[in-house]
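For reference, the structure is listed below as structure tokens.
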Ligand code: ADP
Ligand code: ASP
Ligand code: MG
């Protein structure tokens, strides 16, 4: 016998005429012959209907406007969906409904109140309209569809333990409907959410109840499968609106799905499970907007690669805490407590009692918190009087956070990881409960911590612990090269070392491109072109320090003082900083010291290897020497790639000014060559080295002998270049002088342990290491107690975007290592 497949389309799937057409398309392409289609109200309509009732009861005339909007929205959708003759017929029918609704609302207005029945009657119309529109549209495109008003078939009663389906009555009525209609159409559109009471009144299955309708009809029709179509790919490991990194769960057991749904994963309604479980009907959760995705399969077995499946929160609950020494060993305390709550009609979400029996706490929906507290007060009136119960405390504005998974049972580390993640995120836990099935652990936390906690625990289980949220500021030559290098390496680092580098913000001085997940580095230039917003560094920091990712780092590739001044704030709030920018380390010593302290106190790393010698290991070498107890006597080096080049090339055959002009043309100097020739760049590097060996030196204390005479300092660049030949003679004289002594000219930076620091032109014999370098080489000699008389030498190309960016990248990997990556 041909089996039915039940499909359910939620409000998100039918929010407009276009979406109804899309749904009709999905249905027309389904392979099965018999399709039962449970449909919700158009997105937002149930909420709007609830509002009209509340407004009318509050005597707010705005309810009329609300109602009118709803009428217009449905009219417009009908006109777009079906041919005119059908539209007229539907419109007429809907008008009658709207008149009825208006009458009930008018009565509500007069009475200034409404009964639950009135609310049920009115809110159910959304589904009644929606089903008719979908059926009419399907017929208009030639599909054999008809609609069924579930109020005529489904009989349910509301009991203290929930909704009970009268299966017999419902089955009989379905048979009756079938007979009257002369059989069921191959596409049967069914109103979700609505039903009747045994005495024939319209009722509903509660908010989000259409999922439940689907599984009830699956039972009545003996369907083989249930497909719940919504706006996400399936059940995710957490609500994707709150946790951008949530992953799709391909399979869940009924139990897991039920616990997740119960604890707030509204993608599926918890009641849905019971009828499906009884008949072992598999449920598929699927995305209307991506029908090609398989989605989640919920079935008996479950199975999975993960011990932990999902995380969910119920916000807006209250915690009641009952404490008293007199409760210890007294039988019947729990009975009295929960008896009192039962009488008050308060349902309890979670209970926790310490084994000392000294306290019991429980969670109730926020809006009944005060009532629950009073009920407990009354129940323990005598006990309080005699001091056996000391406290009955209400903590409002709480949230339950639950972790769910069948296979958590018997897997020791799960609780540890869960609480560890919460602890690291600084989330205070007020109460804990674990079901004895070990399928779920729940904690009560403050509402205000809800999304941070959810993201932290999700990250703890699903992310690589070395997931770095990265912001790159500055896209000049170094920044651009770095992004390109990252683009090339990121994939391999992820697959080989589980190192997850996510560039989530890229800024120039004017524009910033953001991404929630991560920017596609293959096209970061386009992102900056087309998707960028004006740069606001505070917003960049906020975005980079994402709650759901374990670590944040900002890489400053600018030469900006303003950016450098932010490092302290960033590090204080837990953002690591990496930079080739010399500004921070060379501004006043107090700031330098503050950076050091902030880094130490907050456990945030501050890495700047490339501020001296580009990619060469200069800072790291010096630090190793200092930290291992060596005594550094002197550091001397050729620290500017540009000046290195100029004096390597200057051999007396061409004038110095000619060489400068030529180097500038080839891009070896700054656009304004005075930035190099002034010696200030070398001076800054000397400061960085000096501070690294513990000298509290200021930039102004470095004796900098520049190569630009004062008179030329303020000329325009072209005027300067024109004036520069006037210096050639003096430079040639220095050169000759040196040559006569068998020496060459080199521009060097120098600092010794007495604090003497300088940047100046000096001459060196031909057999000195400084005399034998090439091109833009940097070279640094470390003279120390251990390295003497021969110094430790670091030498190699010390300029250029590639090596500098490579050095910054190496700092990033160093950071990752210190965070636990094994590279
Ligand atoms: P529909 O209108 O289709 O019934 P709902 O809005 O009721 O859709 O449910 C889908 C929404 O459920 C998703 O958009 C998502 O925000 C939310 N949601 C909450 N928790 C989860 C989860 N664990 N997995 C997937 N979606 C979830
Ligand atoms: N329309 C109802 C609601 O919004 C039922 C549903 O969509 O499941 O709650
Ligand atoms: Mg729903």
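Residue numbers (the numbering used here): 8 to 830.
For every residue, glycine included, the Cβ atom is placed at its ideal position computed from N, Cα and C.
- In this structure, the C-beta of residue 342 stays at least 8 Å away from each heavy atom of the ligand ASP.
- Residue 751 holds the alpha-carbon nearest to the alpha-carbon of residue 655 among 751, 727, 177, 552.
- Relative to the ligand ASP, residue 529 has its C-beta separated by 8 Å or more from all heavy atoms.
- Of the heavy atoms belonging to the ligand MG, at least one sits nearer than 8 Å to the Cβ of residue 274.
- Taken atom to atom, the span from the alpha-carbon of residue 590 to that of residue 566 is near 7 Å.
- Between residue 132 and residue 60, the C-beta spacing is not below 9 Å.
- Cβ neighbours of residue 474 within its own chain (closer than 6 Å, five residues either side excluded): 507, 556, 557.
- The distance from the Cβ of residue 614 to that of residue 822 is about 6 Å, consistent with a contact at the 8 Å cut-off.
- Cβ contact annotation for residue 94 (same chain, cutoff 6 Å, sequence separation greater than five): 85, 86, in chain order.
- For residue 574, the uninterrupted alpha helix (DSSP H) segment begins and ends at 574 to 579.
- Restricting attention to 400, 402, 647, the CA atom closest to the CA of residue 691 is found in 647.
- In the three-state scheme derived from DSSP, where H, G and I count as helix and E and B as strand, residue 90 is classed as coil.
- For residue 291, the pairing in a beta bridge is given by DSSP as 234, 304.
- In the DSSP annotation of this structure, the continuous segment of the alpha helix (DSSP H) that includes residue 666 starts and ends at 663 to 672.
- Rounded to whole angstroms, residue 212 and residue 104 show a C-alpha spacing of 21 Å.
- For residue 16, the beta-bridge partners assigned by DSSP are 46, 236.
- Distances taken from the Cβ of residue 48 to the heavy atoms of the ligand ASP include one shorter than 8 Å.
- Residue 636 and residue 472 have their alpha carbons spaced roughly 33 Å apart.
- Around the C-beta of residue 316, 16 or more other C-beta atoms lie within 10 Å, and the residue is accordingly described as buried.
- When DSSP states are grouped into helix, strand and coil, residue 404 belongs to the strand group.
- Judged by their CB atoms, residue 167 and residue 194 are not nearer to each other than the 9 Å cut-off.
- Within the region 149 to 184, the runs of beta strand (DSSP E) that reach at least 3 residues and sit entirely inside it are, in chain order, 152 to 155, 163 to 166, 169 to 172.
- Per DSSP, the beta-bridge partners of residue 785 are 803.
- For residue 498, the enclosing alpha helix (DSSP H) stretches over residues 484 to 504.
- In the same chain as residue 53, and ignoring 5 residues on each side of it, the C-beta atoms closer than 6 Å to its own belong to 130, 133, in chain order.
- Residue 624 is positioned such that its CB atom lies no closer than 9 Å to that of residue 815.
- Take the alpha-carbon of residue 652 and the one of residue 676: they are about 10 Å apart.
- In the DSSP assignment, residue 705 falls outside any beta strand (DSSP E), carrying neither H nor E.
- Excluding sequence positions up to five before and after residue 662, its CB lies within less than 6 Å of the CB of 735, all in the same chain and listed in chain order.
- For the pair residue 330 and residue 338, the Cα-to-Cα distance works out to about 15 Å.
- Contact check for residue 101 against residue 79 fails: the beta carbons are separated by 9 Å or more.
- Here residue 411 has 263, 266, 267, 270, 315, 316, 317, 318, 319, 446, 447 as same chain residues with Cβ atoms under 8 Å from its own Cβ, once five neighbours each way along the sequence are excluded.
- Within the model, the alpha-carbon separation for residue 701 versus residue 757 is close to 15 Å.
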